[in-house]
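Asker: Which chain is which? The protein sequence lines are A and B, in order.
Going by the numbering used here, the letters in the first sequence line up with residues 938 to 1194, in that order.
Going by the numbering used here, the letters in the second sequence line up with residues 137 to 555, in that order.
No residue lacks a Cβ here, since even glycine has one placed at the ideal position from N, Cα and C.
This is the structure I want to talk about, given as structure tokens.
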Amino acid sequence: MIEWSGMANRLIAVLVLGYVVMPSPVVGQTDPVAIMEQVDRLLRGDSSRGVATMEVVTENWERRITMELWSLGTEYSLVRLRAPQREAGTATLMAEDDIWNYLPKVDRTIKIPSSMMGGSWMGSHFTNDDLVKESQITEDYVVELAFEGDRDNVAVWEFVLTPKPDAPVFWGRLEYQVRQDDYMPIWTRFYDEDGELSRTMTYSEFEEFDGRLIPALMEMQPIDKPGEKTAIRYQELEFDIGVDENFFSLRNLQDRR
Amino acid sequence: MRNAPWPRLGWRNLERHRKRTILTALGLAVAFFACVFIVGWSQGIMNEMVESATSLVNGQVEIHDAEYLPDRSMYDTIGGRGGADIEGLLEIIEQDVTVVAAAPRLYAGGLISSGDATTAGMFMGVDPVREVRLTRFLDELVEGRLPVSGQNEILVGEEMARQLAVAVDDELVIVGSGADGSMANDLFTLVGVFRTGLPDLDATFTVMPIDVLQSFVVLPANRVHEIAVATVDPFGAPTTATRLAGALPGGGSPLEVVPWMELNPALAEYVALGDSVYGIIVAFVFGIAMFGVANSMLMATYERRREFAVMLALGATPRSVWAVVLSEAFAIGLFSLALGAVLTFPLMVWFHNAPPDMSWLYGDLSLNGALLRPSLRVEYNLPFAGLTAVSLLVTVVLAALYPAMRAGRTPPADTLSGL
């Protein structure tokens, strides 16, 4: 639950920018690398602001967090909790490689040590590893088209991504299902190094925010803990908000607005 | 054979070649000393390890919820999610005659931060009054004092204090996860620094009052993860554990009462391995000694073959000749034993009570979760000394068997005629 700014950054990247994929003319045969590169290219650049809720269901508790998020490219992001009231104002800043948490209860900012990048983010089922690491999919993985055709009457592609030798990645294999008509992802399956399915991310509620289509709901389900899940739903999202690096400052982190 | 002169003859023969007798006996005495001392020293190390591993931080017996190990989930508290009457349990535990002390503990993980420095750590919630009776690591703090119940006060290990660059009275920010999924954070005052000598613990452990940690992680006062128990004798822990398991009430979630041997099987196996090696040490040492004794007995009998020839010529049976030689060997054995005892026991008493401190040579060592202060302390082990004494006597007698048989087969006529 601690180092969540990396997650936040990636979260923003994934949610806000990651799948704002404009259908592009992939003429002739499908080029898996080209499609994934297009996704990847849109993972960076651009600024955004959004409001999202995160609902975490575990065996022991359920909780719902509302948060406001800002991002600039993949280097800068800021997440501030709005609810629950008790934790409102708690904020995380990620600027380049450093991460700070602001704790309003004690009015202190702490810098997260890099050794603490493991573990879950805010008690959710997202691990920091896949969120913090800025892995470029086409750089780190070999992309292969595994299926092209209809699934439940929807034309989709299914890609299998296997890590390149020496790629600094956590997963043993990834599988993506992407809708052909608008390039929206439907699910991602994460396999561990032993080839066992570890968790599944599903995307739904594709909505337009600020003129761009994105999956507003993202649900993560760990396979070894049936009944548990983390769902993130976007409520607001705007792009090109005109912030620069100065916005992502420690002073702004502590702003209790 | 009652009143037979052979044992007396054997005993008297020792004096014939005093130097040789003394040298042979010294060899055996040193073998005796080596066995008893090496094993005593090894046991000293074992006891130190067990004592250190079971009283430094852990207890000799630990009581958990049956689900707690090995995952150590925050929610698997004693008595399950409903908690338990902890005071009641402690009262029952302390009624056991072999129990010296018992203390409740709560654990949680999180971040400890001061200024720009932040590190990950383990929070251990303790009852300060009970804890000092149970464990040693809080007995002598490097600096400061113990935290007080109800106050946001914390102790950290020496290495963590160094990493965070903090000293007593500094403020620490503690961040963790609440049992309700919330982000727990609060300010604490550093009131002391402890040192266990175990690098992992000194870098990652923090200690705070259990009531403070309970409210920090949003757990009620009747929920703890562990009751640690100190017993009179570490090696009697399994018996105590079995008795406590019977005495503690069921109800709620089942309890698990575990002796240190199960919590630290590596250490238990190490101790068992040590025990099994002692016999091998005896076998080796006396195996070597046996050839030395056999050699000198062979020499002694060869030199005296005329004497044996006369005995046999006068009507003594070969069996009587064996008896003379074996008695002589047995007498050497007894003499060696006396010499060995004189050599060994004063040194044992010295090394037991005032062992030389070897830490200038090695510093502190840690092994299997135990801290070793390298001293040459030896433990008394009378049964083993007895076994060694018997082994010594058996060795000399075995070593004399062949020389005795040869002596018994001396041809009287040929020998006496000088052939």
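1. Between N321/B and chain A, is the shortest Cβ-Cβ distance under 7 Å, so that the two count as touching?
2. Is it right to say M494/B is buried, meaning 16 or more other beta carbons lie within 10 angstroms of its own, or is it exposed?
3. Please report whether the beta-carbon of G224/B lies at a distance below 7 Å from any beta-carbon of chain A.
4. Nearest CA to the CA of M1004/A: which residue from E996/A, N997/A, Q1022/A, Y1013/A?
5. Taking only three categories from DSSP, how would you classify R298/B?
6. Shortest alpha-carbon distance to R542/B belongs to which of L337/B, L552/B, D201/B, V457/B?
7. Quick one: using the 10 Å Cβ neighbour count with 16 as the cut-off for buried, is N321/B buried or exposed?
8. Determine the chain B residues that contact G1060/A at a beta-carbon separation under 7 Å, and present them in chain order.
9. Can you name, in chain order, every residue of its own chain whose Cβ lies under 8 Å from the Cβ of D1147/A, other than the five neighbours on each side?
10. For the pair the region 269-283 of chain B and the region 215-223 of chain B, tell me if three or more CB-CB distances fall below 8 Å.
11. Any idea which residues DSSP pairs A165/B with across the strands?
12. Could you check which residue in G317/B, L270/B, V329/B, R298/B has the C-alpha nearest to that of L291/B?
13. If contacts are defined as beta-carbon pairs under 8 Å, then V236/B and T367/B qualify, I think. What distance do you get, rounded to the angstrom?
14. Identify the continuous alpha helix (DSSP H) that holds E1182/A and give its terminal residues.
15. Excluding the five sequence neighbours on either side, which residues of its own chain have a C-beta within less than 7 Å of the C-beta of P969/A, listed in chain order?
16. Should S209/B go down as buried or exposed, given a rule of 16 or more other Cβ atoms within 10 Å for buried?
17. L355/B by DSSP, collapsed to three states: which one?
18. Can you tell me the Cα-Cα spacing of P264/B and A1028/A, whole angstroms?
19. If we cut at 7 Å on Cβ distances, does L1190/A have a partner in chain B?
20. Taking Cβ-Cβ distances below 9 Å as the criterion, which residues of the region 984-1012 of chain A are in contact with chain B?
21. Looking at the C-beta of R1045/A, does it have a partner C-beta in chain B at a distance below 7 Å?
22. Would you say V309/B lies against chain A (beta-carbon separation less than 7 Å)?
23. Residues in the region 329-363 of chain B with C-beta within 9 Å of chain A's C-beta atoms, listed in sequence order?
24. Note down, in chain order, every chain E residue with its Cβ under 8 Å from the Cβ of L1134/A.
25. Kindly indicate which residue of A430/B, A549/B, A383/B, G195/B has the alpha-carbon position closest to the one of F371/B.
26. Would you mind reading off the limits of the beta strand (DSSP E) that contains Y414/B?
27. Closest by CA to M260/B, which one among R154/B, A535/B, L462/B, M344/B?
28. Taking the alpha carbon of N1038/A as the reference point, which residue from L247/B, V268/B, Y414/B, F427/B has its own alpha carbon closest?
29. Alpha carbon to alpha carbon, how far is F341/B from V302/B?
30. According to DSSP, M319/B sits in a beta bridge with which residue or residues?
Answerer: Looking at the atomic coordinates:
1. yes
2. exposed
3. no
4. Q1022/A
5. helix
6. V457/B
7. Flag for N321/B reads buried.
8. Chain B residues near G1060/A: S313, G317.
9. L1174, E1175, F1176
10. Taking 8 Å as the limit for Cβ pairs, the verdict is that the region 215-223 of chain B does not touch the region 269-283 of chain B.
11. Note: A165/B sits in no beta bridge, so no partner.
12. V329/B
13. 6 Å
14. Run containing E1182/A: none; DSSP gives neither H nor E here.
15. Cβ within range, chain order: V1080, E1081, L1082, F1096.
16. exposed
17. coil
18. Spanning the two alpha carbons is a distance of roughly 35 Å.
19. no
20. V993, T995, E996, N997, W998, E999, R1000
21. yes
22. yes
23. Residues passing the 9 Å Cβ filter: none.
24. Structure shown: chain E not included; protein chains present are A and B.
25. Comparing Cα-Cα distances from F371/B to each of A430/B, A549/B, A383/B, G195/B, the minimum goes to G195/B.
26. Per DSSP, Y414/B belongs to no beta strand (DSSP E); it is in the alpha helix (DSSP H), 401-439.
27. Nearest Cα to M260/B within the set R154/B, A535/B, L462/B, M344/B: M344/B.
28. L247/B
29. 15 Å
30. S313/B
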